[in-house]
Amino acid sequence: MPTASLLILIAVLLPPSALDILGEVVDERTYLTPYGEAGPLALRKLSDDLAVWVQPYTGLPTRTDPRATIFAARQLGVQRILNWDMG
Numbered sequence: 000m001p002t003a004s005l006l007i008l009i010a011v012l013l014p015p016s017a018l019d020i021l022g023e024v025v026d027e028r029t030y031l032t033p034y035g036e037a038g039p040l041a042l043r044k045l046s047d048d049l050a051v052w053v054q055p056y057t058g059l060p061t062r063t064d065p066r067a068t069i070f071a072a073r074q075l076g077v078q079r080i081l082n083w084d085m086g
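Using numbering that gives the first Met the number 0, the letters of the sequence shown map in sequence onto residues 0 to 86.
Structural data, given as structure tokens:
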């Protein structure tokens, strides 16, 4: 099972093909956490050594509790979270 230590939260509306530069989707998960549901989180793998978790993060702030995202990220072994926003 591939793993990644980085989660990118994408708060910009992009066509799915725009993320192909990060590699192909090799896994997709949704987690039920004590703070609510987090996901879908997609694992994109560029090579044997490079993989990253990606989660769309658009809409109302109440859509996904940030604590749920952090909880799920820890379950996945993520060490860093990067937010990509238009602002």
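Ideal Cβ positions, reconstructed from N, Cα and C, are used throughout, including at glycine. Bear in mind the structure is a predicted one, so any value in this text is a computation, not a measurement.
- By the CB criterion at 8 angstroms, L40 and L21 fall outside the cutoff.
- L31 and T2 have their C-alpha atoms some 19 angstroms from each other.
- Under the 10 Å beta carbon count, A17 is surrounded by fewer than 16 other beta carbons and is classified as exposed.
- Within the DSSP secondary-structure output, V53 pairs in a beta bridge with I7 and A41.
- For the 8 angstroms CB-CB criterion, G38 and R28 form a contact.
- By the Cβ neighbour-count rule, P65 is exposed, with fewer than 16 other Cβ atoms within 10 Å of its own.
- Here L81 is actually not in contact with W52; their C-beta atoms are around 10 angstroms apart, not less than 8 angstroms.
- For R28, the three-state secondary structure derived from DSSP is strand.
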